[in-house]
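Novice:
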Amino acid sequence: MTIDFRHNQSAHCENGSTANLLRYYGIDINESLAFGIGSGLFFAYLPFIRINHIPVTSFRPMPGMIFKRTAQTLGVKVFQKKFRDREASMAALDAALAQKTPVGLQVGVFHLAY
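If you're matching positions, the sequence shown starts at -5 in this note's numbering and goes up one per residue.
1) Taking the alpha carbon of Arg80 as the reference point, which residue from Phe53, Val101, Phe42, Ile43 has its own alpha carbon closest?
2) Compare the beta carbon distance of Ser26 and Asn2 with 9 Å and say whether it is the shorter of the two.
3) Residues bridged to Ala38 by DSSP?
4) Between Ser83, Thr95, Gly58, Ala90, which has its C-alpha nearest His6's C-alpha?
5) Hey, how far is the Cα of Ile23 from the Cα of Pro41?
6) CB Val50 to CB Phe61, shorter than 9 Å?
7) Quick check: the Cα distance between Pro112 and Pro55, rounded to an integer number of angstroms?
8) Quick check on the DSSP output: the alpha helix (DSSP H) that includes Asn14 runs from which residue to which?
9) Going by the DSSP bridge assignment, what does Arg44 pair with across the sheet?
10) Do we get a CB-CB distance below 9 Å when we pair Thr12 with the residues of chain D?
11) Note down, in chain order, each residue of its chain lying with its Cβ closer than 6 Å to the Cβ of Ala28, except the 5 sequence neighbours on either side.
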């Protein structure tokens, strides 16, 4: 099965995924525009939370927020579903792909090999 989906490489996964999915549906934006529309510029300094004795500093919003904000700002309706069960998630993914629907996945980075 193939989907006529053009993937453009990006510098940041969420910005790129957002731009690629929206482009598939006819909203021609690039990664930088998705970052801006999604309010991706963020800074937090939390001196009361420390990791290895260093205050927490963050330069990005929580995962999924750029996508959510971009879709909301552009008035795009999205369907989101969370899964705890691996088999149920794979069944839903397979069903969407069988309908030739591009799917974006948000996963934790803890188990990535790189």
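The beta-carbon is built from N, C-alpha and C at its ideal position, and this holds for glycine as well. All figures in this text were calculated on a predicted structure; none of them were measured in a lab.
Specialist: This is what the structure gives:
1) Taking the first residue of the sequence shown as position 1, residue 80 is located at position 86. Comparing Cα positions, the closest option is Val101.
2) For the purposes of this step, residue 26 is identified with residue 32 of the sequence shown, where counting begins at 1. For the purposes of this step, residue 2 is identified with residue 8 of the sequence shown, where counting begins at 1. No.
3) Residue numbering aside, residue 38 sits at position 44 when the sequence shown is read from its first letter. In DSSP, Ala38 forms a bridge with Ser52.
4) Your numbering for residue 6 matches position 12 in the sequence shown. Comparing Cα-Cα distances from His6 to each of Ser83, Thr95, Gly58, Ala90, the minimum goes to Gly58.
5) The residue you call residue 23 lines up with position 29 of the sequence shown. The residue you call residue 41 lines up with position 47 of the sequence shown. In a straight line, the C-alpha of Ile23 is about 37 Å away from that of Pro41.
6) Counted from its first residue, the sequence shown places residue 50 at position 56. Counted from its first residue, the sequence shown places residue 61 at position 67. No, the pair does not count as a contact, with Cβ atoms beyond the cut-off.
7) Only positions -5 to 108 of the chain appear in this structure, which leaves residue 112 out of reach.
8) Here residue 14 corresponds to residue number 20 of the sequence shown, with the count starting at 1. Per DSSP, Asn14 belongs to the alpha helix (DSSP H) from 7 to 18.
9) Against the sequence shown, residue 44 aligns to sequence position 50. According to DSSP, which records beta bridges pairwise, Arg44 is partnered with Pro49.
10) Of the chains in the structure shown, none is chain D; there is only one protein chain.
11) Within the sequence shown, numbered from 1, the residue matching residue 28 stands at position 34. Cβ neighbours of Ala28 beyond the five flanking positions: Asn9, Thr12, Ala13, Thr64.
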